[in-house]
Amino acid sequence: MAKSKIYVVAQGKTPGVYTGWGGLGQAQEQVQGCPGAVYKSFGSAREAKEWLATVSHRPAVMDALAKLPDSGRSSGGRKKSSGAAASGGHQADLEAGKIVIYTDGGCLGNPGPGGYAAVVLDDQERNELSGGYKRTTNNRMEVLACIKGLESTPSGAEVVLISDSKYTVDAMTKGWARKWRSKNWMRTPTEAAKNPDLWKRMLEVCEERKVTFRWVKGHAGTEENERCDELAVSASRGDDLAVDEGFSDDEKPLSLF
0 MAKSKIYVVA
10 QGKTPGVYTG
20 WGGLGQAQEQ
30 VQGCPGAVYK
40 SFGSAREAKE
50 WLATVSHRPA
60 VMDALAKLPD
70 SGRSSGGRKK
80 SSGAAASGGH
90 QADLEAGKIV
100 IYTDGGCLGN
110 PGPGGYAAVV
120 LDDQERNELS
130 GGYKRTTNNR
140 MEVLACIKGL
150 ESTPSGAEVV
160 LISDSKYTVD
170 AMTKGWARKW
180 RSKNWMRTPT
190 EAAKNPDLWK
200 RMLEVCEERK
210 VTFRWVKGHA
220 GTEENERCDE
230 LAVSASRGDD
240 LAVDEGFSDD
250 EKPLSLF
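Under numbering that gives the first Met the number 0, think of the first position of the sequence shown as 0, with each following residue one higher.
Now the structure itself:
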């Protein structure tokens, strides 16, 4: 049987150790709407203990972790890869002084209610960003996730952005977005490029930073990619969703080509 992560809430509504993210009484309820929440997911109690020792927490949280075997995890969840694959291979980037951003986005329907998420890492801290919209598309949320993550970093920063969106990564690494801009947001003489509002923001934010885009396979056990997926899905199901002003129902669902 596959094994799942444990979720440690160091600061939140009810600090503790949880075996699931969503659902009644699980970790998400303890941090949602709590601005000062401090929490993280782990593959083992040992990893969780090491992290918890570095942040402010109630003694009861460490006591709960102490009752778990160091290598034990609760059963019945998504299988997690190990080693470099689980971390996304970003540790060397952090050690080199770079900021690492994981992103994900999607929607329920395409078009439909959507959400974006980013996890921003440096050698000192870890931040999570997310938001939801009433009606949008998968690709718009994928691109917006990158923008939001990058906009949270200082100008001049050296950033590695890791996304499971081929649409986004290829548009930036293969020069498509710059080409569309140079042609006044036209893909061909008769066909407009999709999402010009977002690609304009993306190019502008990248021009103020040194950004390397890297693709990672989605739903393959890469921890922070999986976390972004959880955050984006949760955001898309929120009660107070914003309006995506750049989305039009006149457009077909966005595609790569």
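Backbone N, C-alpha and C define an ideal beta-carbon position, used for all residues, glycine too. If you're wondering where the values come from, they're calculated on a predicted model, not measured in any experiment.
Where Asn126 sits in the DSSP three-state scheme: strand
Ala191, DSSP secondary structure in three states: strand
Classification of Arg200 by the beta-carbon crowding that lies within 10 angstroms, buried from 16 upward: buried
Sub-8 Å separation of Ala47 and Leu23 beta-carbons: no
Runs of alpha helix (DSSP H) lying entirely within the stretch 27-56, each at least 4 residues, in chain order: 44-51
Range of the contiguous beta strand (DSSP E) that encloses Ala117: Gly111 to Leu120
Rounded separation between Glu223 and Arg57 - CA only: 25 Å
Top-ranked residue by Cα proximity to Ala235, from Thr136, Ser55, Val54 and Leu51: It should be noted that the sequence gives Ser, not Ala, for residue 235. The option with the nearest alpha carbon to Ser235 is Thr136.
Straight-line gap, Cys106 to Val142 (C-alpha atoms, nearest Å): 13 Å
Residues that Met185 bridges to, as DSSP identifies them: Ala191
Inter-stretch contact at 8 Å, needing at least 3 Cβ pairs: the stretch 121-140 / the stretch 192-208: yes
7 Å Cβ shell around Ala156 - same chain, five flanking residues per side excluded: Ile98 and Arg208
Proximity below 8 Å, CB of Ile5 to CB of Thr13: no
With 16 other Cβ atoms within 10 Å as the buried cut-off, status of Gly174: exposed
Meets three-Cβ-pair contact criterion under 8 Å: the stretch 104-119 and the stretch 88-95: no
Whole-angstrom distance between Ser233 and Leu240, CA atom to CA atom: 11 Å
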